[in-house]
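Peer 1: Order-wise, the sequence lines are chains R and D.
Our numbering puts the first residue of the first sequence at 1, with every later residue one more than the last.
Our numbering puts the first residue of the second sequence at 411, with every later residue one more than the last.
Could you have a look at this structure, given as structure tokens, before my questions?
2 protein chains.
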Amino acid sequence: MGMRRGTNLPRMGDFNQSVILETIRRSGEGLSRIELVDTTGLSAQTVTNITRRLLDDGFIAEAGRTINGPGKPRITLRLVAESRFSIGVHLDPAVITCVLLDLAGTVVRRRAVRTPSSDPHRIVDTMAQTIAELIEDAGVDRRLIEGVGVAAPGPLDAEKGTVIDPPKLHGWHRVPLRSALAEATGFDVTLEKDTTAAAVGELWTGQGPADESFLFIYLGTGIGAALVRNGDPVRGRSRNFGEIGHIIVDADGPRCLCGSRGCVEVVCTPQAIVEQAERAGVFRDDREGSDVESVEERFTQLCERASAGEAPAVDVVRRAAANLTILIAALTNVADVDRVVLGGPFWSRLEVIYLQEIPGLLDARSATRALHTLPVDGTVVGDDVGAVGAACVVLDSVLTPRASDLYLED
Amino acid sequence: MGMRRGTNLPRMGDFNQSVILETIRRSGEGLSRIELVDTTGLSAQTVTNITRRLLDDGFIAEAGRTINGPGKPRITLRLVAESRFSIGVHLDPAVITCVLLDLAGTVVRRRAVRTPSSDPHRIVDTMAQTIAELIEDAGVDRRLIEGVGVAAPGPLDAEKGTVIDPPKLHGWHRVPLRSALAEATGFDVTLEKDTTAAAVGELWTGQGPADESFLFIYLGTGIGAALVRNGDPVRGRSRNFGEIGHIIVDADGPRCLCGSRGCVEVVCTPQAIVEQAERAGVFRDDREGSDVESVEERFTQLCERASAGEAPAVDVVRRAAANLTILIAALTNVADVDRVVLGGPFWSRLEVIYLQEIPGLLDARSATRALHTLPVDGTVVGDDVGAVGAACVVLDSVLTPRASDLYLED
Numbered sequence: 001m002g003m004r005r006g007t008n009l010p011r012m013g014d015f016n017q018s019v020i021l022e023t024i025r026r027s028g029e030g031l032s033r034i035e036l037v038d039t040t041g042l043s044a045q046t047v048t049n050i051t052r053r054l055l056d057d058g059f060i061a062e063a064g065r066t067i068n069g070p071g072k073p074r075i076t077l078r079l080v081a082e083s084r085f086s087i088g089v090h091l092d093p094a095v096i097t098c099v100l101l102d103l104a105g106t107v108v109r110r111r112a113v114r115t116p117s118s119d120p121h122r123i124v125d126t127m128a129q130t131i132a133e134l135i136e137d138a139g140v141d142r143r144l145i146e147g148v149g150v151a152a153p154g155p156l157d158a159e160k161g162t163v164i165d166p167p168k169l170h171g172w173h174r175v176p177l178r179s180a181l182a183e184a185t186g187f188d189v190t191l192e193k194d195t196t197a198a199a200v201g202e203l204w205t206g207q208g209p210a211d212e213s214f215l216f217i218y219l220g221t222g223i224g225a226a227l228v229r230n231g232d233p234v235r236g237r238s239r240n241f242g243e244i245g246h247i248i249v250d251a252d253g254p255r256c257l258c259g260s261r262g263c264v265e266v267v268c269t270p271q272a273i274v275e276q277a278e279r280a281g282v283f284r285d286d287r288e289g290s291d292v293e294s295v296e297e298r299f300t301q302l303c304e305r306a307s308a309g310e311a312p313a314v315d316v317v318r319r320a321a322a323n324l325t326i327l328i329a330a331l332t333n334v335a336d337v338d339r340v341v342l343g344g345p346f347w348s349r350l351e352v353i354y355l356q357e358i359p360g361l362l363d364a365r366s367a368t369r370a371l372h373t374l375p376v377d378g379t380v381v382g383d384d385v386g387a388v389g390a391a392c393v394v395l396d397s398v399l400t401p402r403a404s405d406l407y408l409e410d
Numbered sequence: 411m412g413m414r415r416g417t418n419l420p421r422m423g424d425f426n427q428s429v430i431l432e433t434i435r436r437s438g439e440g441l442s443r444i445e446l447v448d449t450t451g452l453s454a455q456t457v458t459n460i461t462r463r464l465l466d467d468g469f470i471a472e473a474g475r476t477i478n479g480p481g482k483p484r485i486t487l488r489l490v491a492e493s494r495f496s497i498g499v500h501l502d503p504a505v506i507t508c509v510l511l512d513l514a515g516t517v518v519r520r521r522a523v524r525t526p527s528s529d530p531h532r533i534v535d536t537m538a539q540t541i542a543e544l545i546e547d548a549g550v551d552r553r554l555i556e557g558v559g560v561a562a563p564g565p566l567d568a569e570k571g572t573v574i575d576p577p578k579l580h581g582w583h584r585v586p587l588r589s590a591l592a593e594a595t596g597f598d599v600t601l602e603k604d605t606t607a608a609a610v611g612e613l614w615t616g617q618g619p620a621d622e623s624f625l626f627i628y629l630g631t632g633i634g635a636a637l638v639r640n641g642d643p644v645r646g647r648s649r650n651f652g653e654i655g656h657i658i659v660d661a662d663g664p665r666c667l668c669g670s671r672g673c674v675e676v677v678c679t680p681q682a683i684v685e686q687a688e689r690a691g692v693f694r695d696d697r698e699g700s701d702v703e704s705v706e707e708r709f710t711q712l713c714e715r716a717s718a719g720e721a722p723a724v725d726v727v728r729r730a731a732a733n734l735t736i737l738i739a740a741l742t743n744v745a746d747v748d749r750v751v752l753g754g755p756f757w758s759r760l761e762v763i764y765l766q767e768i769p770g771l772l773d774a775r776s777a778t779r780a781l782h783t784l785p786v787d788g789t790v791v792g793d794d795v796g797a798v799g800a801a802c803v804v805l806d807s808v809l810t811p812r813a814s815d816l817y818l819e820d
């Protein structure tokens, strides 16, 4: 029927516990019980009960006293980062990146291995082995690991736990990635789009307000978008929010297989930008391969030349920034967010020029420029945002308060 | 700081009351207390207490008994439609439409008047007078009216309660529409984008599940989009969600003032479609004016000729459907919704051909077509969806359960 459900009184306590843990985690320095009362709006008695439970479970610890005038000193409560961990895996056509994250969102260990050629079983085995090495290497108790998050290029079949049509990984769609990896590792596995994972990573480890709204633009082998609205990642009805490959950004751009011209997929991807640079004569020699690695090598060269101020390279990257702005403006004018965050494996090479170009161009195209500015930031997470984000998805699902937890179950 | 707040226990009762009222309202035929327990998940005691309060307040009434085997007969509880009302106003460059809606979402009275030329004070006076006539005409007790909703073309300044740059209404932005109309009528006034209002109207009066997600495409003098996600309208941080005028849909389309080519604004609006028809030789005579009314007259002729099967007219409308599909696909591939709803003042004239063309074209462009189909429906609300939706916004804000009500206030 899809009717709305009443409130779930027994789960209120869990929700409020998540609110308090999130508040302590995001404070960095820790907070006293009185500060928690102020920040969460909960009663002193509720805060005392919940913090006692969190202390018992080892999530938080007492960390010093502050004497502040007469009366009882305030005890600071701080997150115990090493109380829980999660694992994030980023499946990329070229590289599989695995990270072990602690509760504070810090990367404890990292490993990257070349993606084995198309045999899906070997890919799952490689992931499982890398995860096992990561845990052993870090010397972390397996029982403290909340689960494994896998970030993969969309679209995904969330119910079956499979990637529908992964680039350069033919035959993959027949493999139930989530269950195969769960079996191989013994952990709960969550499958998430790389773009959504990246946005959750930004939300979890970033310094923005807990309830902010931002658009995340993911610059990988493909280009994707994700949305965080009032502190909640927006996933869509089949968890495939953010498929933006066929939005038209350049009416003078090349033909796309979809029948249109100038789609994101044929204008904004690293491969498309490299081809523009080749046509503009940035490189003196011809490219040797058309595989992911040769494209990435050329892309790196292009960005280096642009950073060194070589005019043709600068022009190509500036043009790419302008084209990407058309996409960003289309999405921000639709979604009406607080700010834009750019990230993904190709981001750091573009950062300097993109942050010079995009904010001004975007402001000129903003439908709400009379009302507010639209800040554009680079991700705080770095190039591993896919893997880190996947690990954050696990922590987020376990530890972040969600309104949906407040309803009675169907 | 924007930290998350704890749960607001005293307001749980209000939330659950809204859930029960919504469930009874959406049932149409009414429900027994036992059916309410099943549907909402709330306890029998809670349902009994809340329904007693709703009976006392006159929102619902007992409406017959069903004997169903041995034991006590079940008493059906039904919405009392005439227990509360709201008023909706649609501000359009050509026409101001006002409706009086009852709690069941039925239009009790309707009035439309020509929009006075650019003097904003005369527009507010006209609205206030029309509202007064509507109430008198219907013989409704003013105290039962929850408020006035005004739907206007965006972008809006929600804080100041003004329309930023309304088409053909110069000087308007200096007028605080919300407060001026509140003063002139004595009612609380809510200002909403016409597109969002239309989506709320569809949600409130439609037959879909209470928690569905849909994209609403609004076909008015301008084209807009709105999103309902899990039963909640998505408004954006400045309540300007859905500004889609400069998304490119036709790389071969005409130049737009924004610098791109083939934007929605120069391809998909009624004016743009009429110009395409003129270039295609659909009309033998020249158009007399370029004002909103002459364009609308021509648009009606085009649609009549297309409905009659005249080939050049059919081609133009089919082409318009294909262009609109590029926009819809861009938005549905981003937002990943259950279905698409089309509506707005120009919808009924396009309905037959658009519903033949769009579903197939959209399916071919859907990033999730391997996972699910994407139904395309016409609005159930009719041409007055702006005004009806604005009235629904008022009822919705007063009567629909919202997760945000569950948190402690900042």
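Glycine residues also receive a C-beta, built at the ideal position from the N, C-alpha and C atoms.
In chain order, what residues of the same chain have a beta carbon less than 7 Å from the beta carbon of residue 692/D, not counting five sequence neighbours either side?
Peer 2: Once the five neighbours on either side are set aside, the close Cβ partners of residue 692/D are 712, 715, 722, 723 and 726.
Peer 1: At 9 Å on the CB atoms, spell out the chain D contacts of residue 179/R, in chain order.
Peer 2: Neighbours of residue 179/R on chain D: none; closest Cβ ~18 Å, over 9 Å.
Peer 1: Count the C-beta pairs between the segment 476–492 of chain D and the segment 438–458 of chain D that are closer than 8 Å, then say yes if the count reaches three, no if not.
Peer 2: They touch, by the three-pair rule.
Peer 1: Along chain R, which residues have their Cβ under 7 Å away from the Cβ of residue 830/D?
Peer 2: Because chain D spans 411 through 820 in this model, residue 830/D falls outside it and cannot be assessed.
Peer 1: Does the separation of the CB atoms of residue 768/D and residue 810/D fall below 9 Å?
Peer 2: No, Cβ-Cβ distance for residue 768/D and residue 810/D is not below 9 Å.
Peer 1: Note down the Cα distance separating residue 689/D from residue 257/R, rounded to an integer number of angstroms.
Peer 2: When rounded, the distance between both Cα atoms is 29 Å.
Peer 1: What does residue 117/R pair with, by DSSP beta-bridge criteria?
Peer 2: Partner(s): none; residue 117/R has no beta bridge.
Peer 1: When DSSP labels each residue in this structure, what does residue 103/R get in the three-state scheme?
Peer 2: Three-state DSSP puts residue 103/R in coil, outside helix and strand.
Peer 1: Look up residue 608/D in the DSSP assignment and say whether it is helix, strand or coil.
Peer 2: Residue 608/D falls in the helix class under three-state DSSP.
Peer 1: In its own chain, which residues sit with a C-beta less than 6 Å from the C-beta of residue 398/R, not counting the 5 before and 5 after it?
Peer 2: Hits under 6 Å: 146.
Peer 1: Could you please tell me which residues of the segment 685–708 of chain D, in chain order, have their CB closer than 9 Å to any CB of chain R?
Peer 2: Answer in chain order: no residues at all.
Peer 1: By the criterion of Cβ-Cβ separation under 7 Å, what are the contact partners of residue 240/R in chain D?
Peer 2: By Cβ distance, chain D contributes 746, 777 and 778.
Peer 1: Within its chain, find whatever has a CB closer than 7 Å to the CB of residue 533/D; leave out the 5 residues flanking it on each side and keep chain order.
Peer 2: Hits under 7 Å: 525 and 526.
Peer 1: Is DSSP giving residue 496/D helix, strand or coil here?
Peer 2: In the structure shown, residue 496/D sits in a strand (DSSP, three-state: E or B).
Peer 1: Starting from the Cα of residue 649/D, find the closest Cα among 46/R, 346/R and 333/R and give me that residue.
Peer 2: Residue 649/D has its Cα closest to that of 333/R, out of 46/R, 346/R and 333/R.
Peer 1: Ordered along the chain, which non-local residues of its own chain (more than five positions away) have a Cβ less than 8 Å from that of residue 207/R?
Peer 2: 380, listed in sequence order.
Peer 1: If the cut is a Cβ gap below 7 Å, which residues of chain D does residue 323/R touch?
Peer 2: The contacting residues do not exist; residue 323/R stays about 11 Å from chain D at best.
Peer 1: What separation, rounded to the nearest whole angstrom, lies between the Cα atoms of residue 782/D and residue 565/D?
Peer 2: C-alpha separation (whole angstroms): 33 Å.
Peer 1: Where does residue 585/D fall in DSSP's three states?
Peer 2: In the structure shown, residue 585/D sits in coil (DSSP, three-state: anything other than H, G, I, E or B).
Peer 1: If you measure between the beta carbons of residue 200/R and residue 131/R, is that distance less than 9 Å?
Peer 2: Against a cut-off of 9 Å, the Cβ pair of residue 131/R and residue 200/R comes out as no contact.
Peer 1: From residue 475/D to residue 445/D, what does the alpha carbon distance come to, in whole angstroms?
Peer 2: Approximately 13 Å between the Cα atoms of the pair.
Peer 1: Cβ of residue 345/R less than 9 Å from any chain D Cβ?
Peer 2: False, the Cβ-Cβ gap to chain D never drops below 9 Å.
Peer 1: Under the three-state reduction of DSSP, which class applies to residue 600/D: helix, strand or coil?
Peer 2: Correct three-state label for residue 600/D: strand.
Peer 1: Quick one: give me the first and last residue of the beta strand (DSSP E) that residue 476/D is part of.
Peer 2: Its beta strand (DSSP E) spans residues 470–476.
Peer 1: Tell me the DSSP bridge mates of residue 32/R?
Peer 2: BP columns for residue 32/R point to 76/R.
Peer 1: Shorter than 9 Å from the beta carbon of residue 30/R to some beta carbon of chain D?
Peer 2: It does not; no Cβ of chain D falls within 9 Å.
Peer 1: Just verifying my parser: in three-state terms, what is the DSSP assignment at residue 392/R?
Peer 2: Residue 392/R: helix per DSSP, three-state reduction.
Peer 1: If you draw a straight line from the alpha carbon of residue 601/D to that of residue 559/D, how long is it in whole angstroms?
Peer 2: One C-alpha to the other measures close to 6 Å.
Peer 1: Could you tell me if residue 68/R is buried or exposed, where buried requires 16 or more neighbouring beta carbons within 10 angstroms of its beta carbon?
Peer 2: The residue is exposed, with fewer than 16 neighbouring Cβ atoms inside 10 Å.
Peer 1: Pick out whichever of 405/R, 270/R, 84/R and 271/R has its Cα sitting closest to the Cα of residue 25/R.
Peer 2: The shortest Cα separation from residue 25/R among 405/R, 270/R, 84/R and 271/R belongs to 84/R.
Peer 1: Quick one: is residue 248/R near chain D, going by C-beta distance under 9 Å?
Peer 2: Chain D contact via Cβ: present.
Peer 1: Can you give me the Cβ contacts of residue 157/R inside the same chain, cut-off strictly under 7 Å, excluding the 5 residues immediately before and after it?
Peer 2: Here the set comprises 164.
Peer 1: Apart from the five residues just before and just after residue 251/R, which ones in its own chain have a Cβ nearer than 8 Å to its Cβ?
Peer 2: Contacts found: 261 and 262.
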